[in-house]
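Under our numbering, think of the first position of the sequence shown as 4, with each following residue one higher. Inspection log for the structure reproduced underneath, given as structure tokens.
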Amino acid sequence: MDQSNNQPPRKPEDKKPKLNIWLAIVATAIILFIISSVYSAIRNSRYTQTTFTDFMTEMKADNLSEVELHYDRILYMTKTEAEKPAAKQKACYTGLPEGDILQLAKDLDAQGIKVNEVITEDNSFIYTVLLYIIMFGAVFGMMTLLTKRMGGGMMGSIGSNKAKVYMEKQTGVTFRDVAGQDEAKESLQEIIDFLHNPGKYTEIGAKLPKGALLVGSPGTGKTLLAKAVAGEANVPFFSISGSDFVEMFVGVGASRVRDLFREAAKVAPCIVFIDEIDAVGRSRDSRYGGNSEHEQTLNQLLGEIDGFDSTKGIVCLAATNRPEILDKALLRAGRFDRQIIVDRPNLQGRLDTLKVHTRKIKLAEDVDLRKIAQATAGAVGADLANLVNEAALRAVRKGRKAVNQEDLMVSFETVIAGTEKKNTVLTDTEKRIVAYHEVGHALVAALEKHSQPVSKITIVPHTSGALGYTMQMPEEEKYLQTSQELLTELRTLVGGRAAEELVFGVKTTGAANDIQRATALARNMVTLYGMSDALGLMAPATVSNQYLDNQSYLDCSQETSARVDEEVRELLRLCYQDSKNLLTSHRAMLDEISEYLLAKETITGDELMAFVNTENSENITEEDFVSEEE
Ligand code: ADP
Ligand code: ZN
Numbered sequence: 004m005d006q007s008n009n010q011p012p013r014k015p016e017d018k019k020p021k022l023n024i025w026l027a028i029v030a031t032a033i034i035l036f037i038i039s040s041v042y043s044a045i046r047n048s049r050y051t052q053t054t055f056t057d058f059m060t061e062m063k064a065d066n067l068s069e070v071e072l073h074y075d076r077i078l079y080m081t082k083t084e085a086e087k088p089a090a091k092q093k094a095c096y097t098g099l100p101e102g103d104i105l106q107l108a109k110d111l112d113a114q115g116i117k118v119n120e121v122i123t124e125d126n127s128f129i130y131t132v133l134l135y136i137i138m139f140g141a142v143f144g145m146m147t148l149l150t151k152r153m154g155g156g157m158m159g160s161i162g163s164n165k166a167k168v169y170m171e172k173q174t175g176v177t178f179r180d181v182a183g184q185d186e187a188k189e190s191l192q193e194i195i196d197f198l199h200n201p202g203k204y205t206e207i208g209a210k211l212p213k214g215a216l217l218v219g220s221p222g223t224g225k226t227l228l229a230k231a232v233a234g235e236a237n238v239p240f241f242s243i244s245g246s247d248f249v250e251m252f253v254g255v256g257a258s259r260v261r262d263l264f265r266e267a268a269k270v271a272p273c274i275v276f277i278d279e280i281d282a283v284g285r286s287r288d289s290r291y292g293g294n295s296e297h298e299q300t301l302n303q304l305l306g307e308i309d310g311f312d313s314t315k316g317i318v319c320l321a322a323t324n325r326p327e328i329l330d331k332a333l334l335r336a337g338r339f340d341r342q343i344i345v346d347r348p349n350l351q352g353r354l355d356t357l358k359v360h361t362r363k364i365k366l367a368e369d370v371d372l373r374k375i376a377q378a379t380a381g382a383v384g385a386d387l388a389n390l391v392n393e394a395a396l397r398a399v400r401k402g403r404k405a406v407n408q409e410d411l412m413v414s415f416e417t418v419i420a421g422t423e424k425k426n427t428v429l430t431d432t433e434k435r436i437v438a439y440h441e442v443g444h445a446l447v448a449a450l451e452k453h454s455q456p457v458s459k460i461t462i463v464p465h466t467s468g469a470l471g472y473t474m475q476m477p478e479e480e481k482y483l484q485t486s487q488e489l490l491t492e493l494r495t496l497v498g499g500r501a502a503e504e505l506v507f508g509v510k511t512t513g514a515a516n517d518i519q520r521a522t523a524l525a526r527n528m529v530t531l532y533g534m535s536d537a538l539g540l541m542a543p544a545t546v547s548n549q550y551l552d553n554q555s556y557l558d559c560s561q562e563t564s565a566r567v568d569e570e571v572r573e574l575l576r577l578c579y580q581d582s583k584n585l586l587t588s589h590r591a592m593l594d595e596i597s598e599y600l601l602a603k604e605t606i607t608g609d610e611l612m613a614f615v616n617t618e619n620s621e622n623i624t625e626e627d628f629v630s631e632e633e
């Protein structure tokens, strides 16, 4: 291989036009060959072949009727032939010099024979060249048109399709564009350094990192980080998604992998980024069953990673949110042996992300990004980017020049609950039930000690399907939650249903989502957090994927599993009891706030607290609870 590092990087597409020119030339040649052979076959069938001697004999015998003299041949008819109806012209090939042809014409004239045409010059060369050029243009144009029609570069899509490999010479993204993620950046710093100066590492004889696996929930900025590495190191960035390798045809995936690394080798040093590597890299012996296409692709990938010469400066980054299903071979030393965790951002991280995304946006004076960051616990970078953009769009819609806090808060709710759905018409009874349900949640939260403050209650239906919702906002970032806080959360969640039952004596479907969430939380408390007295300090479940909402599965005896269910049910029952008791003892307040909400449709946390504080100056006592906490 002779490519040096200072060669300008070439796009993989650069080769395509040349390929087409060659194709056009070959196609033109073939077409011309066919045309000329057909033409000469037709031409020959029109004439009877004779020789120049024959012609001279007929001439001497004065037996000629019509003659055409061409530079290369003579076409003629004999008098005897001309009488017949289907007479064929005779042709004899000569190649006489110009002078001779003219002399012959004179001689014939002297004999009184009509000479129809005299062509002494050979123009055919120019005609042939012209014909070639026209044909070439036509064929080339047709091929270009065809290629475009088929979606650009789709010609030869099976096998060597490079259409899905994206290369950016310069990503233009730097670490400044990636908020937070300091640990990840630190781990990647070495790779950047290496790409800057591979010699420093090879001199010592250090084995260079071939790749790193970025692990984290969707939208946490893994792609962004990979691009930033390329940007910081100022090297080209190749990217492809693992799912692009997965094809119907056996061998296609493998050939794409080969192409990808071949192109990368041409422009090294560079970054090769494989998104969703789990699509191609999932374990070969897993329960998904054998699939030879998948195995071939994975084997090819493993081979390429082993094969490329890391001294050239190719670094392969991959991203996944399911590291546990990856084939162990991928994680072996010398391959993706480094795992870099890209976490959901904490409060500071979210604040920084908001700052990054509002850099180019005009903000009004009243904007308090910290408040937004506080409200968005659990959101990932992509959510926040989306939130900022929604806010900016809203500001434009409202005809303002800058984004204000209200825009941000409304778009936060939009991102969480969808937009308000004005055309859902509820009956009066339904509306009353929804109001009591929401106030049920809010009041339990407001009256409890360990709860997060309520910031808003609304009974305006939203596109998410919610007929109303109660929003709570944490005051600070929490990394630990106590069992008291979790129990409070449970009571708040079932507070809606408790209010419905208490006031109307009915159970409605409106509580479905609350019940699901409460059950999931209670189950986690029992199976993961060791917060159940009956089971004690034991975790009958194992977390299988911490990046997808803590997916877990039970791995315990059937007997224990039955007890888990029993415990979960009991926990929920007790919390429901607590909620109902609490609301019963504050029934007047429940009615009052619900009426107020019905009238106003949306009320703030402060309005709620005004009711709670004035009417309930004597604080709630511990006797309100049936379940005792330790
Ligand atoms: P992933 O690859 O992890 O699914 P992406 O890198 O595609 O996530 O992130 C999607 C978008 O979210 C990015 O283009 C960026 O706008 C935004 N984003 C995510 N994380 C961050 C971050 N840490 N800082 C700034 N923006 C971020
Ligand atoms: Zn509810």
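Just so it is clear, CB atoms sit at the ideal spot from N, CA and C, and this is done for glycine as well.
**Message:** Using the three-state DSSP reduction, which class does Glu-604 fall into: helix, strand or coil?
**Reply:** coil
**Request:** Can you check DSSP and say which residues form a bridge with Gly-214?
**Result:** Cys-319
**Prompt:** Exposed or buried, what is Asp-581 when buried is set at 16 or more other beta-carbons lying within 10 Å of its beta-carbon?
**Reply:** buried
**Asked** Is Ser-564 near Leu-574, with beta carbons less than 8 angstroms apart?
**Response** no
**Message:** Would you say the beta carbon of Ala-376 is closer than 7 angstroms to some non-hydrogen atom of the ligand ADP?
**Reply:** no
**Request:** Look up Ile-280 in the DSSP assignment and say whether it is helix, strand or coil.
**Result:** coil
**CA nearest to the CA of Met-528, picked from Thr-545, Val-181, Leu-35, Gly-513** = Thr-545
**Whole-angstrom distance between Glu-562 and Asp-386, CA atom to CA atom** = 42 angstroms
**Request:** Could you name the residues of the same chain whose beta carbon sits closer than 6 angstroms to that of Ser-486, not counting the 5 residues immediately before and after it, in chain order?
**Result:** Met-534
**Request:** Please classify Pro-20: is it buried, with 16 or more other beta-carbons within 10 angstroms of its beta-carbon, or exposed?
**Result:** Caution applies to Pro-20, whose pLDDT of 44 falls short of 50 and renders its modelled position unreliable; the value that the coordinates give is listed next. So Pro-20 counts as exposed.
**Item:** Pick from Lys-188, Gly-222, Ala-378, Val-370 that is closest to Lys-457, judged by C-alpha positions
**Value:** Note that residue 457 corresponds to Val in the displayed sequence, not to Lys. It is Ala-378.
**Asked** Which residues have their C-beta within less than 5 angstroms of a heavy atom of the ligand ZN, listed in chain order?
**Response** Gly-499, Asp-517
**Asked** Under a three-way DSSP split, which group does Tyr-579 fall into?
**Response** helix
**Asked** Terminal residues of the continuous beta strand (DSSP E) containing Ser-560?
**Response** No beta strand (DSSP E) holds Ser-560; DSSP gives it neither H nor E.
**Asked** Can you give the Cα-Cα distance for Ala-613 and Thr-417, rounded to whole angstroms?
**Response** 27 angstroms
**Request:** Examine the Cβ distances between the segment 443-463 and the segment 578-594 and report whether three or more of them are shorter than 8 angstroms.
**Result:** yes
**Item:** Which of helix, strand or coil DSSP assigns to Phe-241
**Value:** strand
**Spatial distance of Ala-367 from Asp-410 (CA atoms)** = 10 angstroms
**Item:** Proximity of Phe-339 and Phe-264 at Cβ, strictly below 8 angstroms
**Value:** no
**Request:** Determine, using beta-carbon pairs with one atom in the segment 491-503 and one in the segment 355-369, whether at least three such pairs fall under 8 angstroms.
**Result:** no
**Distance cut-off 7 angstroms: Lys-188 Cβ against heavy atoms of the ligand MG** = With respect to the ligand MG, the structure offers nothing, as its ligand set consists of the ligand ADP and the ligand ZN.
**Prompt:** Shortest alpha-carbon distance to Val-283 belongs to which of Leu-493, Lys-583, Leu-305, Tyr-482?
**Reply:** Leu-305
**Request:** Within its chain, find whatever has a CB closer than 8 angstroms to the CB of Gln-455; leave out the 5 residues flanking it on each side and keep chain order.
**Result:** Ala-448, Gln-475, Met-476, Pro-477, Glu-478
**Prompt:** With DSSP run on the structure shown, which of helix, strand or coil describes Arg-290?
**Reply:** Reliability of the predicted coordinates at Arg-290 is poor, the pLDDT of 47 falling under 50, and the value obtained from them is presented with this limitation in mind. If DSSP states are grouped into helix, strand and coil, Arg-290 belongs with coil.
**Prompt:** Just reading off the alpha helix (DSSP H) that Lys-230 is part of, what are its end residues?
**Reply:** 225-236
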